[in-house]
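Everything below concerns the one structure shown next.
In my numbering, the protein residues as written are 287 to 514.
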């Protein structure tokens, strides 16, 4: 299988007022093209930090994080910005939508930032909002949407430009069980239909169990996790 991300003895330490806090010190990990990877672990174990390293939102203290064999630490800030905009999609537990704008306006915003015209991107935005079941809510302001609807807007925004990788941090964390199951099914569909690599950090056992592979981050080390 083709490797997209590869972690080579990656460590991460944060400087704190009371001293350094070591999150992990020698992580080795390969993420393969097209797979669905789940990462589980206790709060504070470093799951989100792993996702941030993949997304160039943070840098390792030691070791290397590579994408298709290229050390991402060597990217310029502009290259990282383009990489995040065109290659990655992000979905967070707190959706970070702009409440003063409509669902449609929130979805197209990354494309506009990336230099794509509104005229060019609107058909794709309509299609994606329909794909996530929000065809009747496109013009609605975010403040009027339910939690599940907001998360589906966030997913539509994340996948609008057909990124190769979707990084999802607790995508069902603020949802009820039924809505969480709908979001989980949607992520599976996007992986299957678009060939999108999916990396999910979650406490949701059902969501993690549906991944191709699940790893547990515990005491700074990754372990294979069987949730069957």
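Yeah, the Cβ is synthetic: ideal placement off N, Cα and C, and Gly gets one too.
By the CB criterion at 8 Å, residue 340 and residue 487 fall outside the cutoff. Following the DSSP letters along the chain, one finds residue 395 inside the alpha helix (DSSP H) bounded by residues 389-399.
Taking a C-beta distance under 8 Å as the contact criterion, residue 434 and residue 469 qualify as a contact pair. When rounded, the separation of the alpha-carbon atoms in residue 446 and residue 304 is 43 Å. A straight-line Cα-Cα distance of about 43 Å links residue 346 and residue 422.
The secondary-structure analysis by DSSP pairs residue 344 with nothing; it has no beta-bridge partner.
In the DSSP assignment, residue 507 forms a beta bridge with 504. With distances taken between CA atoms, residue 316 lies nearest to 291 out of 328, 291, 324 and 416. Pairing residue 411 with residue 444, the inter-Cα distance amounts to about 11 Å.
Secondary structure at residue 453: strand, using DSSP grouped into helix, strand and coil. About 23 Å separates the CB atoms of residue 296 and residue 489; that is not less than 8 Å, and the two are not in contact. Taken in chain order, the whole beta strand (DSSP E) runs of length 3 or more contained in the region 405-468 are 451-455.
For the region 296-358, the continuous alpha helix (DSSP H) assignments of 4+ residues that do not extend past its boundaries occur at 333-340, in sequence order. For residue 396, the number of other beta carbons within 10 angstroms of its own is at least 16, and it is reported as buried. Residues of the same chain with a CB within less than 8 Å of the CB of residue 431, apart from the 5 flanking positions on each side, are 389, 423 and 439 in chain order. Judged by DSSP in its simplified three-state form, residue 492 adopts helix.
Segment contact: the region 475-483 against the region 353-365, fewer than three CB-CB distances shorter than 8 Å; contact not assigned. Taking residue 503 as reference, the option from 512, 350 and 328 with the minimal CA-CA separation is 328. For residue 427, the closest C-alpha among the options 330, 365 and 385 is that of 385.
Per DSSP, the beta-bridge partners of residue 483 are 451. Under the three-state reduction of DSSP output, residue 382 falls in the coil class, being neither helix nor strand. Pairing residue 333 with residue 482, the inter-Cα distance amounts to about 20 Å.
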